[in-house]
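K.L.:
Before I ask anything, let me first share the structure, which is written out below as structure tokens.
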Amino acid sequence: MVPIVSLMALWAFAAVTTAQDVSGRLRAQRVAETVREPVAGAVTALQAERRAATRYLTRPTSGAAADLSKRAAATDRAAARLRLDGGHTVAEGAGLPGAAVVRVRTFVGELERLRGSRGDITRGTADWRETYQSYTGAIDDGFAIGGALAASRGEHVALEIDRAAEQLSREDALLTAAALTRDLPADRYRELSGAVTARRVLVAGSTADLGGRGRGAWDRLARSTAYVDLEAMEDAVLDAGPGKAAADATSPDVWDRTAAQVLSGLGHVAEAAAPADRTVADGLSSPSGIAVMLGLLAVLASLLISVRIGRGLVVELIGLRNTALELARRKLPQAMRRLRAGEEIDLGKEAPLGRHGADEIGQVAEAVATVQRAALRAAAERAELVDGVSGVFVNLARRSRSWCTVS
Numbered sequence: 011m012v013p014i015v016s017l018m019a020l021w022a023f024a025a026v027t028t029a030q031d032v033s034g035r036l037r038a039q040r041v042a043e044t045v046r047e048p049v050a051g052a053v054t055a056l057q058a059e060r061r062a063a064t065r066y067l068t069r070p071t072s073g074a075a076a077d078l079s080k081r082a083a084a085t086d087r088a089a090a091r092l093r094l095d096g097g098h099t100v101a102e103g104a105g106l107p108g109a110a111v112v113r114v115r116t117f118v119g120e121l122e123r124l125r126g127s128r129g130d131i132t133r134g135t136a137d138w139r140e141t142y143q144s145y146t147g148a149i150d151d152g153f154a155i156g157g158a159l160a161a162s163r164g165e166h167v168a169l170e171i172d173r174a175a176e177q178l179s180r181e182d183a184l185l186t187a188a189a190l191t192r193d194l195p196a197d198r199y200r201e202l203s204g205a206v207t208a209r210r211v212l213v214a215g216s217t218a219d220l221g222g223r224g225r226g227a228w229d230r231l232a233r234s235t236a237y238v239d240l241e242a243m244e245d246a247v248l249d250a251g252p253g254k255a256a257a258d259a260t261s262p263d264v265w266d267r268t269a270a271q272v273l274s275g276l277g278h279v280a281e282a283a284a285p286a287d288r289t290v291a292d293g294l295s296s297p298s299g300i301a302v303m304l305g306l307l308a309v310l311a312s313l314l315i316s317v318r319i320g321r322g323l324v325v326e327l328i329g330l331r332n333t334a335l336e337l338a339r340r341k342l343p344q345a346m347r348r349l350r351a352g353e354e355i356d357l358g359k360e361a362p363l364g365r366h367g368a369d370e371i372g373q374v375a376e377a378v379a380t381v382q383r384a385a386l387r388a389a390a391e392r393a394e395l396v397d398g399v400s401g402v403f404v405n406l407a408r409r410s411r412s413w414c415t416v417s
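Positions 11 to 417 (this note's numbering) are the ones given, in order, by the sequence shown.
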């Protein structure tokens, strides 16, 4: 039992460790489905709505209004995935840390506030800068949730690349408005300059730690014509300074196409940089999961073998015990009585050697049979000796009687 218990203890430790890993995978999968993916979808929808809102405020055409309505509906659908009844959010039932729950609640509150301000945007009474800042602040709150949920280095790198893509989205909103008005005011120029600088810093810092698929995706994007053209257009706008020159430094069509390609490329890089989603099946098929399954089979096999061997040993020991008791309580006393009565006994019949196993129990059984034969043999010899002495005394008695008669 000692080795079996030790084996079961080792297997239980491995099983608990694997169960914790599987539980972590389940939790990560649940968080990704209920929180991370809806938040990412809401951030993407907000970025598109911000561009549509600032474009509409810059030039309120029917086409811009239709695009804004479409983008707003997409944001509402994304926000609905984060809400629960009674003002609660999906984060409250996902087992997240308190900081993450607060950030999700704040983000949902920002979405509600933006929803209430759409009337001013569609009426054209909203301030352009305040609208831009409101959407940008809400998007930052969404990225703050990602920061609270990121647990590995790969997740942090992917988040930084997404932040770089957000800076490019800000550039896109600012330059789209500048192309419509043929002007880039000083305050928007400063916003653009900060976004360009932040994007380049974030890209340089995050891509330095890329490896594997992420490194390959980034190398392809960095060498692409779209990325080279994007940086060239950014430099041209910044070199032109605020005003009409900056607005005219790029072609709106070329910028739209280039920015869209780079944004898509950054999304692929972030996706490749993030750790692959590991499912429960992956956990069970991992080396630790396989070891647990094999360990379980080993424990079951050991228990089965031990039970069978134990039962066999018990049967042999019971048989040996019964044989010894039969010898001590019945056979040996009966044989001794017969010997004392002058009867002869057959050792082969009274104490047969029989066939015993080659193991220790068989050797003990053979030893008991040998002791029985030795005891019976000694008793028989003693009986013969007593019988011989009795014969001597009988002969002496007969001679004495004869001598007395003669006399």
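Even for Gly, the Cβ is constructed at its ideal location relative to N, Cα and C.
1) Based on DSSP bridge pairs, tell me the residues matched to threonine 99.
2) Measure the CB-CB distance between alanine 55 and alanine 88 and report whether it falls below 8 angstroms.
3) Quick one: using the 10 Å Cβ neighbour count with 16 as the cut-off for buried, is glutamate 122 buried or exposed?
4) Where does threonine 380 fall in DSSP's three states?
5) Using C-beta distances below 6 angstroms, list every residue in its chain close to arginine 69, excluding the 5 sequence neighbours before and after it, in chain order.
6) Is alanine 22 helix, strand or coil by DSSP?
7) Return the CA-CA distance between valine 53 and isoleucine 300, expressed in angstroms with no decimal places.
8) Give the secondary structure of glycine 136 by DSSP, where H, G and I count as helix, E and B as strand, and everything else as coil.
9) Mapping DSSP to helix, strand and coil, what is threonine 268?
10) Using the rule of at least 16 other Cβ atoms within 10 Å of the residue's Cβ for burial, across every protein chain shown, is aspartate 172 buried or exposed?
11) Could you give the first and the last residue of the continuous alpha helix (DSSP H) run that contains proline 441?
12) Quick check on the DSSP output: the alpha helix (DSSP H) that includes glycine 222 runs from which residue to which?
13) Does the stretch 250-261 touch the stretch 226-233, meaning 3 or more C-beta pairs lie closer than 8 angstroms?
14) One question on the structure: do valine 167 and serine 216 come within less than 8 angstroms of each other, judged by their Cβ atoms?
15) If we ignore side chains and look at the alpha-carbon of each, how far apart do glycine 221 and arginine 267 end up?
16) Counting only the same chain and skipping the five closest in sequence on each side, list residues whose C-beta sits under 7 angstroms from that of glycine 164.
17) Quick check on DSSP: helix, strand or coil for valine 290?
18) Taking lysine 254 as part of the alpha helix (DSSP H), name the residues at either end of that continuous run.
19) Pick from Arg60, Ala101, Ala83 and Leu67: whose alpha carbon is nearest that of threonine 44?
20) Out of Ile371, Val49, Ala50 and Gly157, which one is the CA nearest neighbour of glutamate 326?
P.N.:
Let me spell this out:
1) Arg93
2) yes
3) exposed
4) helix
5) Leu190
6) helix
7) 40 angstroms
8) Looking at the sequence itself, residue 136 is alanine, so the reference to glycine does not match. Coil, per DSSP.
9) helix
10) buried
11) One cannot answer for residue 441 here, as it falls past the ends of the chain, which runs 11 to 417.
12) Element bounds for glycine 222: n/a, residue is neither H nor E.
13) no
14) yes
15) 28 angstroms
16) Ala283, Ala284 and Pro285
17) In this predicted model, valine 290 has a pLDDT of only 48, less than 50, meaning its place in the structure is not dependable; the value taken from the coordinates is given anyway. Valine 290 falls in the helix class under three-state DSSP.
18) 254-257
19) Ala101
20) Ile371
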